[in-house]
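For the sequence shown, the working numbering assigns the number 315 to the initial residue and increments by one for each residue that follows. Where is the CB? At the ideal position from N, CA and C, for every residue including glycine. As the structure is a computational prediction, the values presented were derived from the model and not from experiment. Here's the structure, in structure tokens; my notes come after.
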Amino acid sequence: MKDSFSKKEKGSVFLFIGDSITDGNWGVKSHTSKRSYKDLNHIFGHGYVFLCASEMMSQYPEKEFVFHNRGISGNTIVDMASRWQTDCLDLQPDVLTVMVGINDACYYQAGNDSLRASLSAQAYETNYRQILDASLQQNPDLQIILITPFIAPVGKYQNDYDAWYTLVQSYVDVVKSLAKDYDASLIDSQQLFEKAWKKHPQTPVSYWVWDGIHPTAAGHSLMSKAWRAAN
């Protein structure tokens with residue numbers, strides 16, 4: 315890990331983009347819903363992005379790394395693609411980390427036939443490829459890290475979990491395929507969390523993922539460690 319980051323250029327820009335798991339209420343101060351891009355006490359949110367940024371910035375101050383969190387709660391791949399110019403390309407990242415897909419799966423499950431067409435795994439892949447193509451066109455040397463969506467047998471997802479797992483896995487498979495096609499680093503978060511709860515069978519799954527789709531502090535720590543290893 316140390317050698318990897320020590321070899322990165324001074325001022326390298328790290329961008330994390332995705333849904334609520336990435337969001338972590340970044341830039342949100344008390345008593346307001348507006349996001350601040352300047353308040354350095356809140357700028358990274360309270361999830362894995364904060365853990366990644368804080369450790370790398372403190373370990374390599376001479377590198378003056380720049381970190382951005384552009385996760386937005388509730389986003390699907392279509393939502394994210396609609397803001398790709400402003401929230402990705404305009405920031406000119408050197409290292410791009412993307413995690414999106416669980417909302418696509420959940421909205422697909424709840425949607426009607428017309429809505430499902432735009433949220434299917436096939437549509438997800440098409441839109442995902444478009445944003446990755448745009449990013450590589452801007453920066454052919456871009457380092458890409460793709461994080462799969464995941465689901466855990468907790469809360470409402472515990473009922474009919476096998477069906478939920480199968481649905482989410484269709485999006486996971488897309489991300490795995492994209493990682494190969496785009497020579498991207500892959501973090502299989504489904505595997506990451508399953509390994510944790512199988513290693514600690516006496517600990518409830520909710521210790522890692524409190525509601526079935528959102529990590530706890532312990533879960534975010536697992537993700538940050540996996541991200542650092544992926545670099």
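Task: Three-state secondary structure assigned by DSSP to H382 - done: In the sequence shown, the residue the question calls residue 382 occupies position 68. Three-state result, H382: strand.
Task: Pairwise C-alpha distance: K348 and E439 - done: The residue given as residue 439 occupies position 125 in the sequence shown. The residue given as residue 348 occupies position 34 in the sequence shown. Answer to the nearest angstrom: the Cα atoms are 32 Å apart.
- [ ] On the DSSP bridge assignment, give the partners of Y500 in chain order.
- [x] Indexing the sequence shown from 1 puts residue 500 at position 186. The amino acid occupying residue 500 in the given sequence is Leu; Tyr does not appear at that position. L500 is bridged to L460.
- [ ] Label L429 either buried or exposed according to how many other C-beta atoms from any shown protein chain fall within 10 Å of its C-beta, with 16 as the threshold for buried.
- [x] Walking along the sequence shown from the start, residue 429 turns up at place 115. Its Cβ having fewer than 16 others within 10 Å, L429 is exposed.
- [ ] Go through its chain and collect everything with a Cβ distance to L446's Cβ below 6 Å, but skip five positions before and after it.
- [x] By 1-based counting over the sequence shown, the position of residue 446 is 132. Excluding sequence neighbours, L446 sits near Y496.
- [ ] Measuring alpha carbon to alpha carbon, tell me which of M413, L450, Q406, D487 ends up nearest Q436.
- [x] Translated into the one-based positions of the sequence shown, residue 436 becomes position 122. Out of M413, L450, Q406, D487, D487 has the C-alpha closest to the C-alpha of Q436.
Open item on the list: What does the Cβ neighbour count give for P515, buried or exposed, with the cut at 16 atoms within 10 Å?
Closed with: Taking the first residue of the sequence shown as 1, we reach residue 515 at position 201. Exposed, because fewer than 16 other Cβ atoms sit within 10 Å of the Cβ of P515.
Task: C-beta contact flag for V392 and S432 at 8 Å - done: The count along the sequence shown starts at 1 and reaches residue 392 at position 78. The count along the sequence shown starts at 1 and reaches residue 432 at position 118. Contact flag set, yes.
TODO: Please classify G325: is it buried, with 16 or more other beta-carbons within 10 angstroms of its beta-carbon, or exposed?
DONE: On the sequence shown, residue 325 is found 11 positions in, with the first residue counted as 1. Under this definition G325 is an exposed residue.
Open item on the list: Contact between the stretch 387-402 and the stretch 354-370 is defined here as three or more beta-carbon pairs at a separation below 8 Å; is this criterion met?
Closed with: no
- [ ] Using the Cα positions of T336 and V380, report the straight-line distance between them to the nearest angstrom.
- [x] Your numbering for residue 336 matches position 22 in the sequence shown. Your numbering for residue 380 matches position 66 in the sequence shown. So the two alpha carbons sit approximately 17 Å from each other.
Open item on the list: Do I527 and I461 have their beta-carbon atoms positioned less than 8 Å apart in this structure?
Closed with: Looking up residue 461 in the sequence shown gives position 147. Looking up residue 527 in the sequence shown gives position 213. No. Outside cutoff.
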